[in-house]
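*Asks:* Numbering (our numbering), first residue to last: 4 to 145.
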Ligand code: NI
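(1) Could you pull out every residue in the same chain whose Cβ sits closer than 6 Å to the Cβ of residue 83, ignoring the five residues on either side in sequence?
(2) Quick one: residues with CB closer than 6 Å to any heavy atom of the ligand NI, in chain order, please.
(3) Rounded to the nearest angstrom, how far is the Cβ of residue 75 from that of residue 128, given a contact under 8 Å?
(4) Under 8 Å: do the stretch 51-61 and the stretch 103-115 share three or more Cβ pairs, one atom per stretch?
(5) Measuring alpha carbon to alpha carbon, tell me which residue in 41, 28, 25 is nearest residue 12.
(6) Please specify which runs of the alpha helix (DSSP H), each continuous and at least 4 residues long, are wholly inside the stretch 63-128, giving them in chain order.
(7) Where does residue 51 sit, in a helix, a strand or coil, going by DSSP?
(8) Would you list the residues sitting across from residue 24 in a DSSP beta bridge?
(9) DSSP on residue 133, reduced to helix/strand/coil?
(10) In angstroms with no decimal places, state the Cα-to-Cα distance between residue 9 and residue 80.
(11) Ignore the nearest five residues each way along the sequence and tell me which others in residue 28's own chain have a CB closer than 6 Å to its CB.
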């Protein structure tokens with residue numbers, strides 16, 4: 004197979020982010036900045052492709068939010084009710100006085116799961132949100 008040609012491009016980001024990137028690269032065994040960024044892009048592409056399309060996936064959506072923020076719990080509940088069949092179970096943890104963590108177990112078509120995750124993560128007041136995809140277990144033999 005022909006080796007793909009290298010493409011040079013420049014990036015701009017906050018200096019402290021670059022410092023952290025370099026520290027992470029060093030901790031992972033000294034890969035250079037280009038290799039480290041390329042590895043991160045590859046990982047994101049795999050994740051992105053795994054969350055599109057019509058194949059079935061299982062996974063979790065994790066949300067962290069401040070429950071004092073007006074309407075947030077009602078909004079998150081409304082969104083979850085709109086996608087009831089995809090959500091198998093939910094767990095709510097009170098992290099501290101302000102912050103709640105909600106973990107939703109989800110299962111269904113990749114594009115539909117991604118849509119509900121995007122809506123929840125984009126809800127105003129959600130500080131961090133992440134969809135983690137795993138297999139439904141039917142794709143692999145152990
Ligand atoms: Ni709570």
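The beta-carbon is built from N, C-alpha and C at its ideal position, and this holds for glycine as well. In this text the structure is predicted, and so the values were computed from the model without any measurement.
*Replies:* According to the structure shown:
(1) The residue labelled residue 83 in the question sits at position 80 within the chain shown. Excluding sequence neighbours, residue 83 sits near 90.
(2) Going by the Cβ distance cut-off, the answer is 70, 95, 97, 103.
(3) Translated into the one-based positions of the chain shown, residue 75 becomes position 72. Translated into the one-based positions of the chain shown, residue 128 becomes position 125. Confirmed, Cβ separation roughly 4 Å.
(4) At 8 Å Cβ cutoff, the stretches touch.
(5) For the purposes of this step, residue 12 is identified with residue 9 of the chain shown, where counting begins at 1. Considering only alpha carbons, the answer is 41.
(6) Taken in chain order, the whole alpha helix (DSSP H) runs of length 4 or more contained in the stretch 63-128 are 75-85, 113-125.
(7) For this step, residue 51 is matched to residue 48 along the chain shown. Three-state result, residue 51: helix.
(8) Translated into the one-based positions of the chain shown, residue 24 becomes position 21. The partner list for residue 24 (beta bridge, DSSP) is empty, contrary to what the question assumes.
(9) Within the chain shown, numbered from 1, the residue matching residue 133 stands at position 130. Secondary structure at residue 133: strand, using DSSP grouped into helix, strand and coil.
(10) Position 6 of the chain shown holds residue 9. Position 77 of the chain shown holds residue 80. Spanning the two alpha carbons is a distance of roughly 47 Å.
(11) If you number the chain shown from 1, residue 28 lands on position 25. 34, 39.
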